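K.L.:
Let me give you the structure first, and then I'll get to my questions.
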Amino acid sequence: MKSRKTLLFITLVLCLLVLGCGTPAILGTQEIPKTSEPKPVDQAATEPQFDATEAAAKPTAIPPTETSPSHAKAQIGYYMLMELTYDPSVWQAVLQASGNQTTHGQDAYELIHQQYGCSLHDNLGHGVPETWTVSENISVINDVEFQVTQWVDSTTGEAVLVVYHTPPNNWENYHRVELVIDGHASECIQAAESVIGLSAKGLAGE
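If you want my numbering, it's the 1-based position in the sequence shown plus 166.
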């Protein structure tokens, strides 16, 4: 009888052990928060965007194009109307006096040589330094006679001032164009006489 109870006890213990091993122990659970996965970087949002519409709205700069040389005219007279015909690729017309400063009510310009800086304008009369020596001759330019008066700086031997007067020795109905030189005298005189040649007929009233 005793042994039977002992056997029954052992059987119960074994059953309990078997049941205990088959059931997982619940010690209390804590929900672990899910970590959000990193979102992929949108490179299109971080990099500068090329706007085709904006690019099309901005015009492309076009470099200036050279044109064939042409002649222009500039009125240089203060006391009477006097036009010079010149090559604008060589000379630049610069405003010297507006209409209310000239007796005829027109603007007066001066031609400036773009390379050498010498200038052509109306001869308004002025004194010269004692170191300048003067010479005078008659020159025919484009079939028009001019009385050409030239001043040379004796300290350098270079021409500094030339006045073209037509008709020669006429002081009643005449035109006088003055060339002021500051270096490169021969080049300036040659360029000036090209202008005088283009303008000669008009200066002579023809």
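For each residue, glycine too, the CB sits at the ideal point set by N, CA and C. It should be emphasised that the depicted structure is a prediction, and the values quoted were computed from it without experimental measurement.
Do you know how far the Cα of Gly293 is from the Cα of Val314?
P.N.:
Along the sequence shown, one-based indexing puts residue 314 at 148. Along the sequence shown, one-based indexing puts residue 293 at 127. Cα to Cα, Val314 sits roughly 17 Å from Gly293.
K.L.:
Taking all protein chains shown into account, do 16 or more other C-beta atoms lie within 10 angstroms of the C-beta of Ile362, making it buried, or fewer, making it exposed?
P.N.:
As a position in the sequence shown, residue 362 is number 196, starting the count at 1. Ile362 should be labelled buried.
K.L.:
Residue range of the beta strand (DSSP E) that Leu290 falls in?
P.N.:
Within the sequence shown, residue 290 is the residue found at index 124, counting from 1. Here Leu290 belongs to no beta strand (DSSP E), and DSSP marks it neither H nor E.
K.L.:
Taking the straight line between their C-alpha atoms, what separation do you get for Ala263 and Asp319?
P.N.:
Along the sequence shown, one-based indexing puts residue 263 at 97. Along the sequence shown, one-based indexing puts residue 319 at 153. Their Cα atoms are separated by approximately 29 Å.
K.L.:
Which residue's Cα is closest to the Cα of Thr322: Asn303, Ala238, His350?
P.N.:
In the sequence shown, counting from the first residue as 1, residue 322 sits at position 156. Nearest of Asn303, Ala238, His350 to Thr322, Cα basis: His350.
K.L.:
Which value, in whole angstroms, describes the spacing of the CA atoms of Lys224 and Ile242?
P.N.:
The residue you call residue 224 lines up with position 58 of the sequence shown. The residue you call residue 242 lines up with position 76 of the sequence shown. Its pLDDT being 37, under 50, Lys224 is placed unreliably in this model, and the coordinates cannot settle the point.
K.L.:
For Thr269, count neighbouring Cβ atoms within 10 angstroms of its own Cβ and tell me buried if that reaches 16, exposed if not.
P.N.:
Sequence index remark: in the sequence shown, residue 269 carries index 103 (1-based). Exposed.
K.L.:
Keeping to the same chain, check which residues put their C-beta closer than 7 Å to that of Glu324; ignore five residues upstream and five downstream.
P.N.:
Your numbering for residue 324 matches position 158 in the sequence shown. So the qualifying residues of the chain are Val318, Ala351.
K.L.:
So for Ile278, helix, strand or coil by DSSP?
P.N.:
By 1-based counting over the sequence shown, the position of residue 278 is 112. If DSSP states are grouped into helix, strand and coil, Ile278 belongs with the strands.
K.L.:
Roughly how many angstroms separate the alpha carbons of Ile307 and Gln267, rounded to a whole number?
P.N.:
By 1-based counting over the sequence shown, the position of residue 307 is 141. By 1-based counting over the sequence shown, the position of residue 267 is 101. If you take the alpha carbons of Ile307 and Gln267, they lie about 31 Å apart.
K.L.:
Using beta-carbon positions only, say whether Val329 and Glu344 come within less than 8 Å of one another.
P.N.:
Residue 329 sits at position 163 when you count from the first residue of the sequence shown. Residue 344 sits at position 178 when you count from the first residue of the sequence shown. Result yes, Cβ atoms of Val329 and Glu344 sit closer than 8 Å.
K.L.:
So what does DSSP say about Ala259, is it helix, strand or coil?
P.N.:
By one-based count along the sequence shown, residue 259 stands at place 93. Strand at Ala259.
K.L.:
Answer with buried or exposed for Trp337, where buried requires no fewer than 16 other C-beta atoms within 10 angstroms of its C-beta.
P.N.:
Looking up residue 337 in the sequence shown gives position 171. The residue in question, Trp337, is exposed, as its Cβ has fewer than 16 Cβ neighbours within 10 Å.
K.L.:
Going by DSSP in three states, Ala223 sits in which element: helix, strand or coil?
P.N.:
Locating residue 223 in the sequence shown gives position 57, where the first residue counts as 1. With a pLDDT of 39 at Ala223, under the threshold of 50, the modelled position of this residue cannot be trusted; read the value that follows with caution. Helix at Ala223.
K.L.:
In three-state terms, what does DSSP make of Glu311?
P.N.:
Here residue 311 refers to the residue found at position 145 when the sequence shown is read from its first residue. Three-state DSSP puts Glu311 in a strand.
K.L.:
Which of helix, strand or coil does DSSP assign to Gln356?
P.N.:
To locate residue 356, count along the sequence shown from 1; it is residue 190. DSSP places Gln356 in helix when its eight states are reduced to three.
K.L.:
For the segment 317-370, list the beta strand (DSSP E) runs that are entirely contained and at least 3 residues long, ordered along the chain.
P.N.:
Correct list: 324-332, 341-346.
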